[in-house]
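2 protein chains.
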Amino acid sequence: MNYPMPTGKLQIIPLGGLGEFGMNCMAVRWGDDIIVIDAGLMFPEAELLGVDIVVPDISYLIENRSRVRGIILTHGHEDHIGALPWMLSELNVPVWGTEFTLAYVEDKLDEHGLLDDADLREMRANERFKAGVFTVHPIRVTHSLVDCVALAIHTPLGVVIHTGDFKVDPTPTDNHLFDLHSFAEYGKQGVLALFQDSTNVERKGYTPSERAVRRKFDEVFAHTQRRLFISCFSSSIHRIRLAVELAHQHGRKVAFIGRSMNNSAEIAEDLGYLNIPEGLLINPGDMKNFAPEKVCVMISGTQGEPMSALSRAAVDNHKHAKIEKGDTVVLSSRIIPGNEKTIYRMIDHLFRREAHVIYEDGTSPPIHVSGHASQEELKLIINLVKPKYFIPVHGEYRQLKLHAEMAGAMQSSVGKVMLIESGDILEFDEHNARKAGKVNVGRVCIDSGSRTDVVEDLIIKDRRHLSEDGIVLPIIAINKLSGRVESSPEIVTRGFNPGEDGLMDGAKRIVEDTLAHSSEEEKADYGVIKEKIRADLKRYISKQTQKRPLIMPVILEI
Amino acid sequence: MNYPMPTGKLQIIPLGGLGEFGMNCMAVRWGDDIIVIDAGLMFPEAELLGVDIVVPDISYLIENRSRVRGIILTHGHEDHIGALPWMLSELNVPVWGTEFTLAYVEDKLDEHGLLDDADLREMRANERFKAGVFTVHPIRVTHSLVDCVALAIHTPLGVVIHTGDFKVDPTPTDNHLFDLHSFAEYGKQGVLALFQDSTNVERKGYTPSERAVRRKFDEVFAHTQRRLFISCFSSSIHRIRLAVELAHQHGRKVAFIGRSMNNSAEIAEDLGYLNIPEGLLINPGDMKNFAPEKVCVMISGTQGEPMSALSRAAVDNHKHAKIEKGDTVVLSSRIIPGNEKTIYRMIDHLFRREAHVIYEDGTSPPIHVSGHASQEELKLIINLVKPKYFIPVHGEYRQLKLHAEMAGAMQSSVGKVMLIESGDILEFDEHNARKAGKVNVGRVCIDSGSRTDVVEDLIIKDRRHLSEDGIVLPIIAINKLSGRVESSPEIVTRGFNPGEDGLMDGAKRIVEDTLAHSSEEEKADYGVIKEKIRADLKRYISKQTQKRPLIMPVILEI
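Residue numbers (the working numbering), protein chains in the order written: chain A, 1 to 558; chain B, 559 to 1116.
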């Protein structure tokens, strides 16, 4: 619907990411002006068969197409930018991002053939810009990625702060400090609402600095006798930078293997986040010319993705990345829930290659640290900002709830806590705030190959059914002119184990019986006769086998 | 093959569980006598579509059918007894187990209609019995389940000890102590080989006692104002016992909800592991007659299994288990890798019901403790037993390897470490031990419904294919007598999104072209013509859509 917008009201409408993990996207509206914060994707659960990515349903934005002034990106992770190709192909509006974020975006849009038509606008921390009625002030924050910002949005009703993803890292490797002063300044002046990242709300204390992994990396570089393979998320610029520094210190050449690792390193180097000394970098193909103890390989595939360079190396199926007895492989990343089995399978293969494998096992010093703020950091920001309203974002429901409870207990810093979910309209006016209805939201499933090929629910349901019990197709040839059934029905199956020999003969007889007991009129109405066959055959197969394959009668007119 | 057995040699042949998680099963052979330790299943990975359980391939045992003297069970967990129905239906041999283990086995065999024909023999800790040439001595160990044993097997070449699953719990809730003395005594006399559980080899230190959860349970019972729901594995008799004790102390009635929870509690009570005071137990249907603060519900479904009582209660879809605002729900179990998403989805629903949810979050005191020995306990047993040969069992490859490395460093206690995997024949003689070939092992996939319905690899492969890209069936009617193609081909799809309208018309034309360019002979050979159609259509569809559905030409003879 093209919602009527009351005057004098500010609406905040999360279109994804509140009550689910990923696909962060939030609309901010005043009258005829809408801006959108982030355009993230979600990686599908295994049950969404044949679906590659999931993006938010943006029908609200499409219905208000003429009002959308642009999309503002907080940082370059997939759960914040991954839906951009899909969104821009529906809605070509300006996109603001920091230099580094835009570099990732350009890559992505180029891949989808959308770059030429895109209106990308660079923003810088601490430089305000206008988007419709709003003035946006990007504020430097620290995170596992570089060049990340929170957004202070000046609206006619006051300032709204959205943290984006962050942790409060006192010693970031790029020395770009978290801008605590801006948060403090806004807190002194008064903030209408704070929207804060809930990802790590279940963790007590402080998240360690990115520098905390340095001790472990030092140890690994000092002890490794042969080739050293390091895998991390390709966007972990801090980690790549650290590895490159240490490789240089320890006299190891560096090779980058894997497309995403290469892209990311290239962007980081171009933009000055990564300084690779002359002569340090070698081509993967040249590794064989260096002694094993003189090589460090940065390799993609920390989550055991089947086609990634590391997965292939683990089963000795990569042209350049040969892992041999005594080599060391470091997985400097967390195990994303759902990926355990795949990752451990890859680790097993690395053990079989007799590599020494270092992965997150809870010991200290850590080989990986999180990029998200833990409880004490969340409280720090709340205390600095002292918002009138506090709203948890980025989290599954339990995380939003726990975050709301935490903030609710901070009565001297927080006016009121509002717990909302994707689709809720949160409305502010001069006096107060309330939930004021809902907009349509949901998951849009995108298939591989084409850039914006939506997979419908029905297709996914069919696939699930097919995958569980297979398919049975009774095929009947009917003479178009006479309406007579020609020859006996054929029954074809796939993914279904008929078991005993007699079952398919029995099924054939069932179809023949159904045909024999149907009137000429029924047989002439293909819908009716198909449904009769389906029902009879379903009953028979389920009784004989306790299984429920998809049954799909086919009438062939001849 | 019916392997020839050299004289004077002892063979140990793991048929499952070494290099994979679950389906523990190991054959011990001397000449014409084989005994089998455990008969476990494995829960399938998501990629095994439509498969409910996975059991070991026991063709080695079937080929040596006349030699198998029996199966000896160390304890009643599914990964040690779950393949019994399948194995006994192939091989009806005596089964030894402790009283409690056999109670679980009876239940399971009864369900599969196999109980009447089964030869179940109770064994007791410390009472030796003969099985073929072997004398078996069950030794009491502690674990998350009750009545668990290790096995000391007296063979003509010496004593072999298999630990089963264990931890060294100094204060088990049932006061049946770990029999350290028997291990020590064997160590003094000399042990040929020790086969030890590797599950927790990655954990440093000691696994806490089952009693460690009591502090957290105490806290929960003291603070809970309304209804208290406790979920744990139904086999966690220690946990159920603790909850029942505390409920009694705190004046709460107890209701058991869920089939497995009921079964397990009934068995535990029958065998004296659970003492339910008169009047404490109430029927789930009577809960409504008691004030919320007077009720404790023990409920199945800690892993978020979709049809479990707790999952249904979480979405307010259980007749008796109504979870209301302010109720407390305790998940006293670990999150099994692979189940994270399902479990957190359930927890989210519980938060939406405004329940207070307590789950394993790494804080102390713990709400759950592991049942498997950590590094220091593993070392303790090695030091007590001082085996000539040490062989890690129960683990994925990396765990076996780490366990082997750990034991290898204990040179004053361990003679030699042998790292073997499922299928390896480990052969001992008077002088030494070696790998002496392999037997066929593997996973047998069992479908639901029928008790022993094997799903073949090809079917699973088809299902995977169907689930990813769907199916396309070109259907052609050919006149049996004339060989003529009657009418134009029909193309049917399922789980496949043809996208643009023209695609199916194009596909039809491709099939027509293929038919037109095929000779009468080719058309008469259905194999040839089907393959030609498949190849041409595959090329066309993949070019047009970048997708690869399963293509399955059907010839209908009329």
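For every residue, glycine included, the Cβ atom is placed at its ideal position computed from N, Cα and C. All figures in this text were calculated on a predicted structure; none of them were measured in a lab.
In the DSSP assignment, find the alpha helix (DSSP H) that holds residue i and state where it starts and stops.
{"i": "glutamine 544 of chain A", "result": "526 to 545"}
{"i": "serine 89 of chain A", "result": "84 to 90"}
{"i": "valine 68 of chain A", "result": "Here valine 68 of chain A belongs to no alpha helix (DSSP H); instead the beta strand (DSSP E) covers 68 to 72."}
{"i": "leucine 281 of chain A", "result": "Leucine 281 of chain A -> no alpha helix (DSSP H), and no H or E assigned at all."}
{"i": "threonine 514 of chain A", "result": "502 to 516"}
{"i": "valine 1043 of chain B", "result": "Element bounds for valine 1043 of chain B: not the alpha helix (DSSP H) but the beta strand (DSSP E), 1043 to 1052."}
{"i": "isoleucine 620 of chain B", "result": "617 to 621"}
{"i": "leucine 868 of chain B", "result": "867 to 872"}
{"i": "asparagine 639 of chain B", "result": "The identity of residue 639 of chain B in the sequence shown is isoleucine, whereas the question assumes asparagine. Looking at the DSSP string, the run of the alpha helix (DSSP H) that includes isoleucine 639 of chain B is 636 to 639."}
{"i": "histidine 248 of chain A", "result": "237 to 249"}
Since residue i and residue j are thought to touch, with beta carbons under 8 Å apart, how far apart are those beta carbons, to the nearest angstrom?
{"i": "isoleucine 1004 of chain B", "j": "isoleucine 611 of chain B", "result": "5 Å"}
{"i": "isoleucine 58 of chain A", "j": "glutamate 99 of chain A", "result": "That pair is no contact at about 26 Å."}
{"i": "aspartate 327 of chain A", "j": "phenylalanine 229 of chain A", "result": "7 Å"}
{"i": "lysine 438 of chain A", "j": "isoleucine 425 of chain A", "result": "6 Å"}
{"i": "threonine 1072 of chain B", "j": "isoleucine 1091 of chain B", "result": "5 Å"}
{"i": "isoleucine 881 of chain B", "j": "arginine 911 of chain B", "result": "5 Å"}
Applying the 10 Å Cβ sphere with the 16-neighbour rule, what's the burial state of residue i?
{"i": "leucine 573 of chain B", "result": "buried"}
{"i": "glutamine 196 of chain A", "result": "buried"}
{"i": "threonine 613 of chain A", "result": "For chain A, the structure presents residues 1 to 558; residue 613 of chain A sits outside this window and is missing."}
{"i": "isoleucine 1113 of chain B", "result": "buried"}
{"i": "arginine 239 of chain A", "result": "buried"}
{"i": "arginine 434 of chain A", "result": "exposed"}
{"i": "glycine 1007 of chain B", "result": "With a pLDDT of 46 at glycine 1007 of chain B, under the threshold of 50, the modelled position of that residue is not reliable, and no figure is offered here."}
{"i": "aspartate 596 of chain B", "result": "buried"}
{"i": "glutamate 490 of chain A", "result": "buried"}
{"i": "threonine 363 of chain A", "result": "exposed"}
{"i": "glutamate 468 of chain A", "result": "buried"}
{"i": "aspartate 169 of chain A", "result": "buried"}
{"i": "arginine 817 of chain B", "result": "exposed"}
{"i": "methionine 287 of chain A", "result": "buried"}
{"i": "lysine 811 of chain B", "result": "buried"}
{"i": "leucine 599 of chain B", "result": "buried"}
{"i": "aspartate 675 of chain B", "result": "exposed"}
{"i": "lysine 1105 of chain B", "result": "buried"}
What are the start and end residues of the beta strand (DSSP E) that includes residue i?
{"i": "alanine 255 of chain A", "result": "253 to 257"}
{"i": "isoleucine 894 of chain B", "result": "Counting along the chain, isoleucine 894 of chain B falls outside any beta strand (DSSP E), and DSSP gives it neither H nor E."}
{"i": "glutamate 655 of chain B", "result": "According to the sequence provided, residue 655 of chain B is glycine. The question's glutamate does not apply to it. Element bounds for glycine 655 of chain B: 653 to 655."}
{"i": "leucine 1114 of chain B", "result": "1112 to 1115"}
{"i": "serine 789 of chain B", "result": "786 to 789"}
{"i": "valine 586 of chain A", "result": "The structure shown does not extend to residue 586 of chain A, since chain A spans only 1 to 558, so no value can be given for it."}
{"i": "methionine 856 of chain B", "result": "853 to 857"}
{"i": "threonine 693 of chain B", "result": "692 to 699"}
{"i": "isoleucine 558 of chain B", "result": "Residue coverage of chain B in this structure runs from 559 to 1116, which leaves residue 558 of chain B outside it and unanswerable."}
{"i": "histidine 926 of chain B", "result": "Histidine 926 of chain B -> no beta strand (DSSP E), and no H or E assigned at all."}
{"i": "proline 56 of chain A", "result": "53 to 56"}
{"i": "isoleucine 916 of chain B", "result": "914 to 916"}
> In chain order, which alpha helix (DSSP H) runs of at least 4 residues are fully inside the region 11 to 40 of chain A?
Replying inline: none
> Counting Cβ pairs, one atom from each stretch, are 3 or more of them under 8 Å apart for the region 159 to 168 of chain A and the region 142 to 151 of chain A?
Replying inline: yes
>> I'd like the ranges of any alpha helix (DSSP H) spanning at least 4 consecutive residues and lying wholly in the region 931 to 1018 of chain B.
In response: 933 to 943 and 955 to 966
> Given 8 Å as the limit, is there contact between the region 294 to 308 of chain A and the region 196 to 212 of chain A, that is, 3 or more CB pairs closer than that?
Replying inline: no
> At which residue ranges does the region 702 to 780 of chain B contain complete beta strand (DSSP E) runs of 3 or more residues, listed in the order of the chain?
Replying inline: 706 to 713, 716 to 720 and 749 to 755
> Is the region 205 to 212 of chain A touching the region 390 to 398 of chain A, taking contact as three or more C-beta pairs under 8 Å?
Replying inline: no
> Residue ranges of each beta strand (DSSP E) run of no fewer than 3 residues wholly in the region 651 to 686 of chain B, ordered along the chain?
Replying inline: 653 to 655 and 678 to 680
> Is the region 101 to 112 of chain A touching the region 7 to 14 of chain A in the sense that three or more CB pairs, one from each, lie closer than 8 Å?
Replying inline: no
>> Is it the case that the region 675 to 695 of chain B contacts the region 575 to 591 of chain B, given that we only count it when at least three CB pairs across the two stretches are under 8 Å?
In response: yes
> Any contact of the region 727 to 743 of chain B with the region 956 to 964 of chain B, i.e. 3+ C-beta pairs under 8 Å?
Replying inline: no
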